[in-house]
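Colleague:
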Amino acid sequence: MKIAIAGGTGLVGRALTALLHEQGHEVITLTRGKPKNARHVQWLNGTLPLEQLEGIEAFVNLAGVSLNDGRWTAEQKEAIYHSRMTATEEMLRIVTQLSTPPQVIVNASAVGIYPISTTATYSETSTQRAQDFLGKTVADWEQKASRAKELGIRTCLARFGVILDTEAGALPLIALPYKLFVGGTIGSGKQWLSWIHVHDVARAILHAIETPSLEGAINFAAPQAERMKSFGKTVGRVLNRPHWLPVPSFALQLALGEKSVLVLGGQHVVPDKLMATGFTFQFPTLDEALHDLYKS
Numbered sequence: 001m002k003i004a005i006a007g008g009t010g011l012v013g014r015a016l017t018a019l020l021h022e023q024g025h026e027v028i029t030l031t032r033g034k035p036k037n038a039r040h041v042q043w044l045n046g047t048l049p050l051e052q053l054e055g056i057e058a059f060v061n062l063a064g065v066s067l068n069d070g071r072w073t074a075e076q077k078e079a080i081y082h083s084r085m086t087a088t089e090e091m092l093r094i095v096t097q098l099s100t101p102p103q104v105i106v107n108a109s110a111v112g113i114y115p116i117s118t119t120a121t122y123s124e125t126s127t128q129r130a131q132d133f134l135g136k137t138v139a140d141w142e143q144k145a146s147r148a149k150e151l152g153i154r155t156c157l158a159r160f161g162v163i164l165d166t167e168a169g170a171l172p173l174i175a176l177p178y179k180l181f182v183g184g185t186i187g188s189g190k191q192w193l194s195w196i197h198v199h200d201v202a203r204a205i206l207h208a209i210e211t212p213s214l215e216g217a218i219n220f221a222a223p224q225a226e227r228m229k230s231f232g233k234t235v236g237r238v239l240n241r242p243h244w245l246p247v248p249s250f251a252l253q254l255a256l257g258e259k260s261v262l263v264l265g266g267q268h269v270v271p272d273k274l275m276a277t278g279f280t281f282q283f284p285t286l287d288e289a290l291h292d293l294y295k296s
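The opening residue of the sequence shown carries number 1 in full-length UniProt numbering; numbering runs sequentially from there.
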């Protein structure tokens with residue numbers, strides 16, 4: 001298949017590109033910067049890269065300013081929001097101009113669309129919606145991406161949980177105190193962390209592309225979510241470090257501001273749609289995922 005990836009140089013994009021190449025697919029990476037090679041195409045610069053994208057069978061949109069970059073100042077929140085809206089609008093503009101539109105679009109989303117709760121469990125059929133910045137951003141993002149359905153394109157909304165990787169994302173920040181022998185429970189420890197190994201994210205995106213019955217919201221999270229206290233203990237055990245020094249909520253709120261919700265809040269999310277369509281997680285448990293990532 002010929003597959004276009006917007007945001008292909010980020011954490012998920014790199015893993016997905018590597019997997020697709022292994023499987024023999026042709027990948028076209030859309031980038032804001034100067035193209036590095038013939039497989040990189042510049043976009044979001046006022047032009048439509050139609051010639052290079054003709055014949056694509058799938059479009060994966062992962063573009064957007066990272067939630068982990070800097071404090072959530074008013075300026076940063078605007079960048080997070082508008083980068084997602086702009087990239088999705090451009091994706092829609094491109095597919096309407098292609099002589100043959102792609103069969104499927106996989107648009108990134110996040111489990112942050114669900115309200116923070118220590119008691120609720122959310123599947124794709126859950127209708128509850130968070131009313132904070134992240135929840136509203138994700139809801140608007142999904143609404144815009146869903147316009148592709150009006151064009152007759154199967155549309156998958158990939159609601160990512162916390163993606164685990166040793167080079168980027170939340171895990172290096174969570175693991176750092178343990179590596180310094182000062183790791184411990186973050187906040188109350190009761191908050192849920194719905195996580196997924198980065199390689200399972202890539203595999204699940206390909207599964208969504210290849211499974212015609214999959215569409216709409218899809219939870220990209222491992223089948224066994226963890227509470228933060230348990231998550232931290234597992235990190236400590238895998239790294240052979242103690243779990244002893246708690247990090248109080250107020251300290252994180254002072255250090256991170258509104259962004260502290262990413263570790264002090266949480267949702268218990270279940271991947272019902274992936275499981276129902278035969279997807280098998282390579283790393284279904286946190287212990288397996290961390291041992292693979294840290295090769296221990």
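Each residue gets a CB set at the ideal place from its N, CA and C atoms; glycine is no exception. Small disclaimer: the values here were computed from a predicted structure and weren't measured.
1. If we ignore side chains and look at the alpha-carbon of each, how far apart do Glu89 and Thr285 end up?
2. Could I get the ranges of all uninterrupted alpha helix (DSSP H) runs contained in the segment 227-278, with 4 residues as the minimum, in chain order?
3. Can you tell me the Cβ-Cβ gap for Pro223 and Phe281, rounded? I've got them flagged as a contact below 8 Å.
4. Here's the rule: buried if 16 or more other CB atoms are within 10 angstroms of the residue's CB, otherwise exposed. What is Thr137?
5. Which class does Ser99 belong to by DSSP, given the choice of helix, strand or coil?
6. Taking the C-alpha atoms as reference points, what is the distance between residue 331 and Ser260?
7. Mapping DSSP to helix, strand and coil, what is Arg154?
8. Take Ala208 as the anchor and find which of Ala108, Asn37 and His82 has the nearest alpha-carbon.
9. Taking the C-alpha atoms as reference points, what is the distance between Trp192 and Ile116?
10. Determine which residues share a DSSP beta bridge with Phe220 and list them.
11. Between the beta-carbon of Gly232 and the beta-carbon of Thr185, is there less than 7 Å?
12. With DSSP collapsed to three states, give me the class of Leu30.
13. Is it true that the segment 118-127 meets the segment 58-75, where meeting means three or more beta-carbon pairs spaced less than 8 Å apart?
14. Between the segment 213-227 and the segment 266-274, are three or more C-beta pairs nearer than 8 Å?
15. When you compare the segment 241-253 with the segment 140-153, are there three or more beta-carbon pairs, one atom per stretch, that lie closer than 8 Å?
16. Leaving aside the five residues before and after Ser213 along the sequence, list all residues of the same chain whose C-beta is less than 7 Å from its C-beta, in chain order.
Modeller: Taking the definition as stated:
1. Locating residue 89 in the sequence shown gives position 89, counting from the first residue. Locating residue 285 in the sequence shown gives position 285, counting from the first residue. Answer to the nearest angstrom: the Cα atoms are 36 Å apart.
2. 228-239, 249-256, 261-264 and 272-276
3. Translated into positions along the sequence shown, residue 223 becomes position 223. Translated into positions along the sequence shown, residue 281 becomes position 281. Contact flag correct, Cβ pair sits at about 6 Å.
4. Here residue 137 corresponds to residue number 137 of the sequence shown, with the count starting at 1. Thr137 should be labelled buried.
5. Numbered from 1 along the sequence shown, position 99 holds the residue referred to as residue 99. Coil.
6. The requested residue 331 does not occur in the structure, where the chain is confined to residues 1 to 296.
7. Reading the sequence shown from its first residue, position 154 is the one you call residue 154. Strand.
8. Taking the first residue of the sequence shown as 1, we reach residue 208 at position 208. Comparing Cα-Cα distances from Ala208 to each of Ala108, Asn37 and His82, the minimum goes to Ala108.
9. Indexing the sequence shown from 1 puts residue 192 at position 192. Indexing the sequence shown from 1 puts residue 116 at position 116. Taking the straight line from one Cα to the other gives about 9 Å.
10. Here residue 220 refers to the residue found at position 220 of the sequence shown. Phe160, per the DSSP bridge assignment.
11. Sequence index remark: in the sequence shown, residue 232 carries index 232 (1-based). Sequence index remark: in the sequence shown, residue 185 carries index 185 (1-based). Closer than 7 Å, so yes.
12. Locating residue 30 in the sequence shown gives position 30, counting from the first residue. In this structure, Leu30 counts as strand in the three-state DSSP scheme.
13. no
14. yes
15. no
16. For the purposes of this step, residue 213 is taken as residue 213 along the sequence shown, with counting starting at 1. Answer for Ser213: Thr277, listed in chain order.
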